[in-house]
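Going from the sequence shown to the numbering used here is simple: count from 1 and add 438. In this text, a Cβ means the ideal position worked out from N, Cα and C, and glycines have one as well. Structure first, then comments.
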Amino acid sequence: MPDGTSVNDQSSLSTSSELAVTLGAAEGYPTEFVFTHDSNGRYLSFFWRVPDYDIQPGGIVGSELDGIFRPIALKPYLARIQEVLSTRLAQQFSTQFQYFDQVIALDLIMSPMLLPNQVPTTVMVTGRLHVTMPIRHPSAEVIVPASSAALDKEPELSISADRHHKLLTQIAWNIRRTLDLPTIWQQTVEGLGQVLGVSRCIVCPYKPDEPIVKVAAEYCRGAVCPMVDMEFSTSTDADLQSAIATLKPINIRSKRSEVNSSLADELVTLRSLIVHSMLIITTSYQDQPNGLIVLYQDDQPRRWTEVELEFVQELADQVGTAIAHANLIAASQALADELQRANRTLLQKQRDLEEARRQAEEASRLKSEFLANTSHEVRTPLNGVLGFLKLILDGTVDDPDEQLEFVQYAHQSALHLLSVLDDILDIAKLEAGRLQIELDPVKLSDLLNAAEVYASSKDQVRDGNLSFEIQKPPTDDEIILYGNYQRLVQVMLNLVGNAIKFTHEGGVTVSVEIIKKKISVQEQELPGLVKIRVADTGIGVSLEKQDRLFQSFSQVDGSRTRRYGGTGLGLAISQSLVEAMGGVVNFYSMGEGLGSTVTFTVPLYQEPVMVTTQTTDSLDLLL
439 MPDGTSVNDQ SSLSTSSELA VTLGAAEGYP TEFVFTHDSN GRYLSFFWRV PDYDIQPGGI
499 VGSELDGIFR PIALKPYLAR IQEVLSTRLA QQFSTQFQYF DQVIALDLIM SPMLLPNQVP
559 TTVMVTGRLH VTMPIRHPSA EVIVPASSAA LDKEPELSIS ADRHHKLLTQ IAWNIRRTLD
619 LPTIWQQTVE GLGQVLGVSR CIVCPYKPDE PIVKVAAEYC RGAVCPMVDM EFSTSTDADL
679 QSAIATLKPI NIRSKRSEVN SSLADELVTL RSLIVHSMLI ITTSYQDQPN GLIVLYQDDQ
739 PRRWTEVELE FVQELADQVG TAIAHANLIA ASQALADELQ RANRTLLQKQ RDLEEARRQA
799 EEASRLKSEF LANTSHEVRT PLNGVLGFLK LILDGTVDDP DEQLEFVQYA HQSALHLLSV
859 LDDILDIAKL EAGRLQIELD PVKLSDLLNA AEVYASSKDQ VRDGNLSFEI QKPPTDDEII
919 LYGNYQRLVQ VMLNLVGNAI KFTHEGGVTV SVEIIKKKIS VQEQELPGLV KIRVADTGIG
979 VSLEKQDRLF QSFSQVDGSR TRRYGGTGLG LAISQSLVEA MGGVVNFYSM GEGLGSTVTF
1039 TVPLYQEPVM VTTQTTDSLD LLL
């Protein structure tokens, strides 16, 4: 039967299959067979026109995929049928089929057969023999296997062919269907090396502004030293320069002792064999060189025929075009990646600016709130001073005792006003970095006495509504701190005052702990730290609001009608002062209504002698 067509071609082979064969030939894709499957893989039609294989379609139509003409990788092939039917998209791949004792490598296109308003149940498979098939070496009766990577990972094949022009079409088509440069280079050297039966084939990318080329891919026969990544100079090699300048093949025939080419010299250093023949071909695009292909024949003298030179030149032109397109795509992808990175950077900067704007707005809001609260805190004592003084000046109060009482009230209001102004000035100096603190030895007892006197002056403590206790570690001598007395007193009174202000029942406890840990403060070695703890049983602070305590111009309750007065600067100022003296401030609270604890550390100037508790025996206890 002509062209290997089955007896029932007209009935079993669809019009779509015939059209695919015609279009494939017109587009340069040498379609050599067409067959169709149902959803289970059963052959519905079979058309074959490859004369190298005696395949009888009549025995295949109606058979299952695991029959006489079956894919070696059966499960992946069946899965691909289902995927093509479900997605309604064609797939292109390579695989291997077995027909009796023959194994055939195929390049396939599997397409769904679509009918109007119907779910596809049939696939059409068109294709040809695999591109990189093995060939018979011209100088020896041995089969050189191909190194093809099939999609389904089938084993390699050994098939002979002597069709240079067809192989040129097949290799070129295989190269053009990928944009991956390493793949293009490897397919080029393998295709040329196998078709021409050379000892070695290498390819080197070339750029006019770079005098050094590097071997990017290699094909070789036998156990030889690899040349991949080896570098050669194009500026010192006349043969390479000639090939690049003329874009024509350069044929070199020489023995080892007569080889002057630097490229050949590099090969000689790797092998002890004689270089009989070398062919240099330049790949190009629009007359611009972009690669070098070098063929070696080491085992025998070789004269390149006109057909071989034509074959090599045509393939080099195809490779040059493929390299140019791949470089263009790679450059476009690199540009796209760079634009994507720039967009990400821009988006991040936009987010940072948005966060900075939000923080600026929050800072502006906090300062506005602070100014409103501070104006209230300033006006209240100022109005007290002015009011009591006006009553005295107007002669409203005649009783001397009452006048004295009014003067005392005015004095207390003035002191409160001074405290508010001091806080404002301190925070301004701290933010401007103009507050300088001189450190000197300070007695801990002086600091604790100031706190006790201050606490005793508060009504809650004086009236007995709150307890106030100081706990010190037992020592035989004085505990000496290293800090600024005035600022330490300011911090202590601030923390004690806050604890008393926000505690309605229970009490406030000040405790001291000595931490023996050598530290350095202002280039001075000190023996340790003193941790001072101010704990209360007051209102506490919720966990989500605690991060605002040490922020300038921020208060846990920022409303003007809040129950407790103050500027909200106390903890922020205390933290800055303690840190300036080499210590740290920490705040602890389990939540609202659970009390609070504030600790701060101060450098220890000299280590005190601790009182040791002597153990008495049972006899002493009896006495």
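Within the same chain, and ignoring the five residues on either side of G1031 in sequence, the residues whose Cβ sits closer than 6 Å to its Cβ are G978.
DSSP places V968 inside the beta strand (DSSP E), whose first and last residues are 962-974. Residue environment for A517: exposed (fewer than 16 other C-beta atoms within 10 angstroms of its C-beta). Excluding residues up to 5 positions away in sequence, L829, Q841, F844 lie with their Cβ nearer than 7 Å to the Cβ of V835 in the same chain. Cβ-Cβ distances below 7 Å link R508 to F535, Q536 in the same chain, with the five nearest sequence neighbours on each side left out; the list follows chain order.
With a cut-off of 8 Å on Cβ pairs, the region 739-758 is not in contact with the region 788-796, counting fewer than three such pairs. For G921, the enclosing beta strand (DSSP E) covers residues 918-921.
Counting other Cβ atoms within 10 Å of its Cβ, D974 reaches 16 or more and is therefore classed as buried. DSSP places L981 in no beta strand (DSSP E); its state is neither H nor E. Between the region 511-526 and the region 490-500, the count of C-beta pairs closer than 8 Å stays below three; the two stretches do not touch. Nearest C-alpha to Y657 among V627, D677, M668: V627. Distance between H763 and S802, taken at the CA atoms: about 57 Å. In the structure shown, V845 falls within a helical segment according to DSSP collapsed to helix, strand and coil.
Burial state of V968 is buried, judged by a 10 Å Cβ sphere holding 16 or more other Cβ atoms. Under the three-pair Cβ rule at 8 Å, the region 763-778 does not count as touching the region 675-691. In the three-state reduction of the DSSP assignment, T564 falls in the strand class, which pools E and B.
Between the region 919-939 and the region 886-900 there are three or more inter-stretch CB-CB distances shorter than 8 Å, so the stretches are counted as touching. Residue pairing by DSSP places N689 opposite L717 in a beta bridge. Approximately 11 Å separates the beta-carbon atoms of S673 and P646; this is outside 8 Å, ruling out the contact.
Here S680 carries a helix assignment [DSSP, helix/strand/coil]. The region 931-949 makes no contact with the region 912-920: fewer than 3 CB pairs, one atom from each, lie closer than 8 Å. Boundaries of the beta strand (DSSP E) around D878: 878-881. Going by DSSP, Y491 is part of no alpha helix (DSSP H) at all; its letter is neither H nor E. Within the region 493-564, the runs of alpha helix (DSSP H) that reach at least 4 residues and sit entirely inside it are, in chain order, 512-525. With 16 or more neighbouring CB atoms inside 10 Å of its own CB, Q1013 falls in the buried class.
Our two residues, Y491 and Q724, have alpha carbons roughly 41 Å apart in a direct line. Non-local C-beta neighbours of L527 in its own chain, meaning closer than 8 Å and more than five positions away in sequence, comprise P550, ordered along the chain.
The C-alpha of L831 lies about 18 Å from the C-alpha of P819. Between the C-alpha atoms of T721 and T684 there is a straight-line separation of about 11 Å. By the Cβ-count criterion, P664 is exposed, with fewer than 16 other Cβ atoms from all chains shown falling within 10 Å of its own Cβ. Here D476 carries a strand assignment [DSSP, helix/strand/coil].
Across the set Y920, V1022, R659, the C-alpha of Y920 shows the shortest separation from the C-alpha of L1042. One thing to note: K652 has its Cβ no nearer than 8 Å to the Cβ of C639. CA-CA distance, T469 to T564, rounds to 6 Å. Around S883, the same chain offers E916 as residues with beta carbons nearer than 7 Å, after the five sequence neighbours per side are excluded. Counting C-beta atoms within 10 angstroms of its own C-beta, G479 has 16 or more neighbours from the protein chains shown and is therefore classed as buried.
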